[in-house]
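Taken in sequence, the protein lines are chains U and Z.
Its first residue numbered 631, the first sequence is counted upward by one per residue in my numbering.
Its first residue numbered 137, the second sequence is counted upward by one per residue in my numbering.
Structure first, then comments.
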Amino acid sequence: MARYAAPGQSEAKMSYQSRYDHWIGGEYVTPHRGQYFENPSPVTGQTFTEIARGTAEDVERALDAAHGAAPAWGRTPVAQRAEVLNKIADRMQEHLEALAVAETWENGKPIRETLAADLPLAIDHFRYFAGAIRAQEGSLAELDDDTVAYHFHEPLGVVGQIIPWNFPILMATWKLAPALAAGNAVVLKPAEQTPASIHYLMSLIADLLPPGVVNIVNGFGVEAGRPLASSARVAKVAFTGETTTGRLIMQYASENLKPVTLELGGKSPNIFFDDVSAADDEFFDKALEGFTMFALNQGEVCTCPSRALIQIGHYRRFLDAAIARTEKIVQGHPLDTETMIGAQASNDQLEKILAYLEIGRQEGAKVLTGGHRAELEGELAGGYYVQPTIFQGSNHMRIFQEEIFGPVVSVAPFSDFDEAIKIANDSLYGLGAGVWTRDINTAYRAGRSIQAGRVWTNCYHAYPAHAAFGGYKQSGIGRENHKMMLDHYQQTKNLLVSYSPKKLGFF
Amino acid sequence: MNPTRPSSEPAYARVDVTEAAARILRDLRAAHGPLMFHQSGGCCDGSSPMCFPQGQFRTGASDALLAELQVEGVPEPIGFWMSAAQFELWRHTHLTVDVVPGRGSGFSLEAPEGVRFLTRSRLLTDEEDEVLNKTGR
C-alpha cells in the first residue's frame, strides 16, 4: 500500500495556498467586503485554506471581466479555441497526480478514484470538446434557385455556472469545456464545500486562457450564487444540485427570460434479472461489482445506484454474494492507494446520511450490513466516514425514494419484467438506471421502458464524454456531455438570403 | 403548531423545530425579515430544508404547506413547504427542523453562519396519523 503525502507535507505532490481570492479577469482579486471563510478537509475535519467570501459586488466585477472578454473569445477561430482546450488537457495530464491529491484532500474521495476516474475523465472531456467544436458545421438549405437559408452557431456570450461538490474538478469541466469550446466566457461559482481544488487547477492553466474568459467567484449560495443566477447579464445558467434550488434558479431565469440547464439528481434503480446468476463466471463477478458501485465516491453521485432490484429466482444467492462483496470494501485514509471508500464531503452531509439510516430503520427496513458512522482513528477521527450500508425494504419507504447521497443501497425483490419496470419507474426522478441480464432482448426492452436519461446496460458508472447525460422527470432539464451539449451553449443564427434582383410584387 | 387549530384540540404537528434551530431562526428573522422553508429533494444538498426570505421562493399549485411554524421570538409563523409529489412520499413521517455545523448549500440563508438546517424524521404515531392524514388538515 502506498500513501500519498497530504498537501503541504514535504513529500507532497502539491500544496494549497493558505488563502484564495476570487479569480477575475486573469488575476486574483480580493473580495469586495474583505471577508473569507474556512475550508476544512473532510479527511481530517481540519481547515487547510481560507476562501474569499463573495457577494454581489464580486459577481458584478466578474461579469464585467467576462463581458470584456467574451466578444474576442467568441470570434477566436475554432482551431485556436480547440488548441487552448487541448493544452489545458495536456497540462492536466502532466500534473495528474498533483491534481488527484488536491481533489482527494478537498473532497475526501479515495485517491484511487481521482487518479483513475475524476482526472482522466476531465482531461478527456477537454479533448473531446476540442475535437467536437472543430467538427461542428452549420448548415445551408437551398430553398429555391435564388434563396438560401444559412444556419450559423454563435456563442451565447457570458454564461453562469454553479458547480456541485461531489466531483469538484470534473463537474466544473463538464460545464467549462463545452461552454469554452462554443466561444462563451464564463463566471463560475464552485460549491462552498469544495471551493479550493478548482483554484489549484486554475494555477496550472491560467496562462493558457485569455484574461476574463474564465472567472471564479467563491462564496455561499445565498451571497454569491443568487446574484449570479439572477443576473440579467448572464445569457444562461447551468446548475447541478437539488430540486428546490433548481426551481429557484428557473424562477430567476424566468424573470430574465434566460435558458437554464439543470441536473437535480435521482434515485437510480439497478436491476438484476435472474439470468445474471446463471453461471459463476466473469459476468457474474462484473454484476456484483455493478451492485457495489453504490459505494463509489462514497455514494455522492447523482446517479448512485441506490435502489438495487433483484429478481426473486436468484434473490438470496445474488444478495449474499453482494453483501460479501460490499463487506470487502476497504475504508481508510483517502490518500492510501488501497482505500476504496473515503470520507463524506462535509459534516452536514454526514449528519444527513445518519438521519436517513435512522428513518430507514424506523420504517422497518432491515440493515444487512453497515448501518453506522465509521469511527476511524488517529488523524481521521475528526473526518466524516460512513460504513457501506445495505438496507432491505420496499419501494414506498423514504430510503427508496430519496437520494441519500451516501454509501447506502436499498434492496428489494421483484417477480418479473413488468414488476421490475413498475418499481424502477415508481420514483420522482429519472436520471440513471442499470440493467443486468444475459438476454439481449430483455436488456433492450428494459432499457427502453425505464424512464431515465441514462440506462447503463451490463455496466454502471461509466462517464465517457460522448454519451449524453441528463434527467427525465424531476431530475432536471437538458443534457451534459456529448457534442449535443454545444447546442446548450450556442445561439442559432439564420441568415435568410435572396440572390434574386426581382421584387415579390406585393407593394 | 397550526395556528388555525383551536387550542382545545390536541396539538398534532407535522413539523417541529429544535431549540437550536429556533435560535438560528430568530437571528435570521432579525437579519432578513419574515422567513419560509422549502424542503428540497434530489442530489447534493437534496433532502435539506431550504430557508428563504418569505416570498423569495415562489410556491404554487404543485406545493404543499405542511406547517406554519410558531417560533418564539419570531413574530409571524414560518411556512414549511414541500413539493406535493414529494409530500405524498413523506406524509407518514414527522419532521423536526434541526441545525448542525456545516457548509451549505443551495441558497439557504443560514449557510454563511457555518451551520446547516437538517430535517430529522420519525414515523407518525397511529394517533398522529389518524388526525393528520385521515381526518384531514
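Each residue gets a CB set at the ideal place from its N, CA and C atoms; glycine is no exception.
The C-beta of Z/ASP181 comes closer than 8 Å to at least one C-beta of chain U. Taking each of U/LEU831, U/VAL788, U/TYR658 in turn and checking the Cα distance to U/LYS888, the smallest one comes out for U/VAL788. For the stretch 1053-1067 of chain U, the set of residues with a beta-carbon nearer than 9 Å to any beta-carbon of chain Z comprises LEU1058, TYR1059, LEU1061, in chain order.
Within the stretch 188-205 of chain Z, the residues whose Cβ lies closer than 7 Å to any Cβ of chain U are, in chain order, PHE193, ARG194. For U/LEU894, the chain Z residues whose C-beta falls within less than 7 Å of its own C-beta are GLY178, CYS179, listed in chain order. Below 8 Å, enough C-beta pairs join the stretch 1092-1105 of chain U and the stretch 1060-1076 of chain U to call them touching: three or more.
Taking the C-beta atoms as reference points, Z/VAL235 is found nearer than 8 Å to Z/PHE253. What Z/LEU225 touches in chain U, judged by beta-carbon distance under 7 Å, is ARG1028, GLN1031, going in chain order. Boundaries of the alpha helix (DSSP H) around U/SER833: 827-835. Using a Cβ-Cβ cut-off of 9 Å, U/PHE902 is close to nothing in chain Z; its nearest Cβ partner there is about 23 Å away. Taking a Cβ-Cβ threshold of 8 Å, none of the residues of chain U is close to Z/PRO170; the smallest such distance is about 16 Å.
For Z/VAL236, the chain U residues whose Cβ falls inside 7 Å of its Cβ are ASN977, ASP978, GLU981, in order along the chain. Contact between Z/ALA203 and Z/VAL151 holds, with the beta-carbon distance rounding to 4 Å and staying under 8 Å. At a C-beta separation below 9 Å, Z/ARG258 has these neighbours in chain U: GLU988, ILE989, GLN992. For U/TYR1059, the secondary structure class from DSSP, reduced to helix, strand or coil, is strand. Here U/GLY698 really is in contact with U/GLY842; their C-beta atoms are around 5 Å apart, less than 8 Å. Between the beta-carbon of U/GLY738 and that of U/ALA973 there is about 3 Å, and that keeps the pair under the 8 Å contact cut.
Take the alpha-carbon of Z/GLY209 and the one of U/PHE759: they are about 55 Å apart. Taking every protein chain shown into account, the CB of U/GLY929 has 16 or more other CB atoms within 10 angstroms, so this residue is buried. Contact between the stretch 1075-1091 of chain U and the stretch 1116-1129 of chain U is absent: fewer than 3 CB-CB pairs across the two stretches fall below 8 Å. Here the alpha carbon of U/SER976 sits roughly 12 Å from the alpha carbon of U/VAL1016. For U/GLY790, the uninterrupted beta strand (DSSP E) segment begins and ends at 788-792. If you check the CB distance, U/ILE940 and U/PHE902 come in under 8 Å. One finds CYS179, CYS180 in chain Z with Cβ atoms closer than 9 Å to the Cβ of U/ASN796, taken in chain order. Taking the beta carbon of U/GLN1081 as reference, no residue of chain Z falls within 8 Å; the closest one sits roughly 14 Å away.
By the 16-neighbour rule on beta-carbons within 10 angstroms, U/ASN1071 is exposed. In the assembly as shown, U/LYS805 is a buried residue. Its beta-carbon has 16 or more other beta-carbons within 10 Å. For the stretch 841-857 of chain U, the residues whose beta carbon sits under 8 Å from a beta carbon of chain Z are, in order, PHE850, GLY851, VAL852, GLU853, GLY855, ARG856. Around Z/GLY215, no beta-carbon contact reaches into chain U at under 9 Å, the shortest distance being about 14 Å. It is roughly 8 Å from the alpha-carbon of U/GLN979 to the alpha-carbon of Z/ASP181. Sequence-distant Cβ neighbours of U/VAL844 in its own chain, meaning closer than 8 Å and more than five residues away, are TRP653, LEU806, LEU810, ALA815, VAL816, LEU818, MET832.
When only Cα atoms are considered, U/ARG863 and U/ALA719 end up about 30 Å apart.
Shown in chain order are the members of the stretch 1089-1106 of chain U whose Cβ falls below 8 Å from a Cβ of chain Z: GLN1104, SER1105.
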